[in-house]
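**Student:** Sharing a structure here in structure tokens format.
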């Protein structure tokens, strides 16, 4: 096999619309992947069902340490400032990403997934709009020149609901426990701050054998 | 005031000897700080008392999600491989960093803090030695050409015990909730993956005013 055929064709980008670090990653991944001519496999999913499986800390979004909660937003501010991404602190947090994820699946099918993903993240984190509201999501769809009513209808179909559920189950099977996550083949990377590492791995995996053999 | 007098003279490096990400940061910080001619203020401390204040998840070291626990070590392996740091997976985790932290305070006072810090991290994570054992720490001290018995004695003095406790209280006052943490003035950065950002902040803080004014 030549090099091209062994190299993963794409990086899987697993994101949750409620997650500010997913927003930052969504704002960075296209430029970084393009530099490496790496395709992006867009995978919207929900963290809720995964967090429910955690016995001791089912709500990391609402981490109870005030210090850590304050830190998180400061950290997100710094990351946005460094990447030139707009940010308007949402008073409601986390927002429910269910509707946006369902619509994203439809949009991905129809080839406008990245544009919708950017628009929904921007609405949530740059404009402080409620992405759980059909009117808000419908307006984003219409702005992308698609039929909002028809898309919302398809998003609410039993088949599409089932598909998002199956996607969440696939995430658990593949050991995903947070968002954003990146998969290059079966190699998992968690967090916006691992994006560069995931892309480097797609180009050339690190040799971990000296470490793994000693443990 | 000229630029030099307003620029922080040092980055505070808060580390816990039980923490693998502190090990990775300790292996990287000296080179990165030297490039910026930035001093390092070494601050060994214990996470235990901080974790005890967390009501819902007092033991993040032993995170109960098997997927996340597996991921953590794979992540640490990749970080070590990328930085050329040796790693031998400790079967006992986390090891108790209390004794090492007490000795580190003495070593810092006497000017051999960085060398001892490197040695203790290396023993724990590259050699899988039990850093809670006085014999192990004593051997590290002796290898650095200090009187092991005398140092262990000073480390166990009431004044030094009190000092480590006060350091942990200072950490909480300054909003530290994990390790490694970096402070540049009062600006907090959490995690090995924020080290470069902390150093960049010491050189020139990001302008966050466009973001903070809109929230």
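Residue numbers (my numbering), protein chains in the order written: chain A, -1 to 213; chain B, -1 to 213.
Yeah, the Cβ is synthetic: ideal placement off N, Cα and C, and Gly gets one too.
(1) Using a C-beta cutoff of 9 Å, does residue 188 (chain B) count as contacting chain A?
(2) If the criterion is Cβ atoms closer than 9 Å, does the pair residue 129 (chain B) and residue 93 (chain B) meet it?
(3) Please name the residue, chosen from A:95, A:39, A:22, that lies closest to residue 14 (chain A) on a Cα-to-Cα basis.
(4) Given a cut-off of 9 Å on the beta-carbon distance, is the pair residue 174 (chain B) and residue 181 (chain B) in contact?
(5) Can you tell me whether DSSP reads residue 10 (chain A) as helix, strand or coil?
(6) What residues from chain A crowd round residue 65 (chain B), counting only those whose CB sits closer than 7 Å?
(7) So, using beta-carbon positions, are residue 115 (chain A) and residue 102 (chain A) closer together than 9 Å?
(8) Ignore the nearest five residues each way along the sequence and tell me which others in residue 85 (chain A)'s own chain have a CB closer than 7 Å to its CB.
(9) Hey, residue 25 (chain B) and residue 63 (chain B) are a contact pair by Cβ (cut 8 Å); roughly how many whole angstroms apart?
(10) Closer than 9 Å, Cβ to any Cβ of chain A: which residues of the segment 129 to 140 of chain B, in chain order?
(11) Spell out whether any CB of chain A is found under 9 Å from the CB atom of residue 201 (chain B).
(12) Express the C-alpha separation of residue 52 (chain B) and residue 164 (chain A) in angstroms, rounding to a whole number.
(13) Could you tell me which uninterrupted alpha helix (DSSP H) segments, each at least 4 residues in length, are contained entirely in the segment 114 to 190 of chain A, listed from first to last along the chain?
(14) Three-state secondary structure (DSSP) at residue 82 (chain A)?
(15) Would a C-beta distance cut-off of 9 Å place residue 162 (chain B) and residue 23 (chain B) closer than the cut-off?
(16) So, do the segment 37 to 48 of chain B and the segment 105 to 114 of chain B have three or more beta carbon pairs nearer to each other than 8 Å?
(17) From the DSSP output, in three-state form, read off residue 248 (chain B) for me.
(18) Nearest chain A C-beta to residue 100 (chain B) closer than 9 Å, yes or no?
(19) Where in the segment 15 to 73 of chain A do unbroken runs of the beta strand (DSSP E), each at least 3 residues long, occur, reported from the N-terminal end onward?
(20) Is the CB-CB distance between residue 176 (chain A) and residue 166 (chain A) below 9 Å?
(21) Consult DSSP for residue 205 (chain A) and reduce its assignment to one of helix, strand or coil.
(22) Start and end of the alpha helix (DSSP H) containing residue 98 (chain B)?
(23) What residues from the segment 17 to 47 of chain A come within 9 Å of chain B, judged by C-beta to C-beta, listed N to C?
(24) Which of the three DSSP states is assigned to residue 76 (chain B) in this structure?
(25) Please compile the residues from chain B whose C-beta is within a distance smaller than 8 Å of the C-beta of residue 80 (chain A).
(26) Taking 7 Å as the limit between beta carbons, can you name the residues of its chain near residue 98 (chain B), skipping five residues before and five after?
(27) Using a Cβ-Cβ cut-off of 9 Å, state whether residue 170 (chain A) counts as contacting chain B.
(28) Going straight from the alpha carbon of residue 47 (chain B) to that of residue 187 (chain B), what length do you get?
(29) Are there 16 or more other CB atoms within 10 angstroms of the CB of residue 202 (chain A), so buried, or fewer, so exposed?
(30) Taking the alpha-carbon positions, what's the residue 147 (chain B) to residue 10 (chain A) distance?
**Tutor:** Put simply:
(1) Judged by the 9 Å Cβ criterion, residue 188 (chain B) is in contact with chain A.
(2) yes
(3) A:95
(4) yes
(5) strand
(6) 173, 175
(7) Yes, Cβ-Cβ distance for residue 115 (chain A) and residue 102 (chain A) is below 9 Å.
(8) 74, 75, 78, 123, 124
(9) Actually they do not touch by this definition, with Cβ atoms about 27 Å apart.
(10) none
(11) no
(12) 34 Å
(13) The qualifying runs are 132 to 141, 146 to 153, 156 to 171.
(14) coil
(15) no
(16) They touch, by the three-pair rule.
(17) Residue 248 (chain B) lies beyond the residue range present for chain B, which begins at -1 and ends at 213; the question has no answer from this structure.
(18) no
(19) 37 to 42
(20) no
(21) coil
(22) 96 to 107
(23) none
(24) helix
(25) 195, 204
(26) 15, 118, 129, 135
(27) Closer than 9 Å to some Cβ of chain B, the Cβ of residue 170 (chain A) qualifies, so yes.
(28) 20 Å
(29) That one is exposed.
(30) 55 Å
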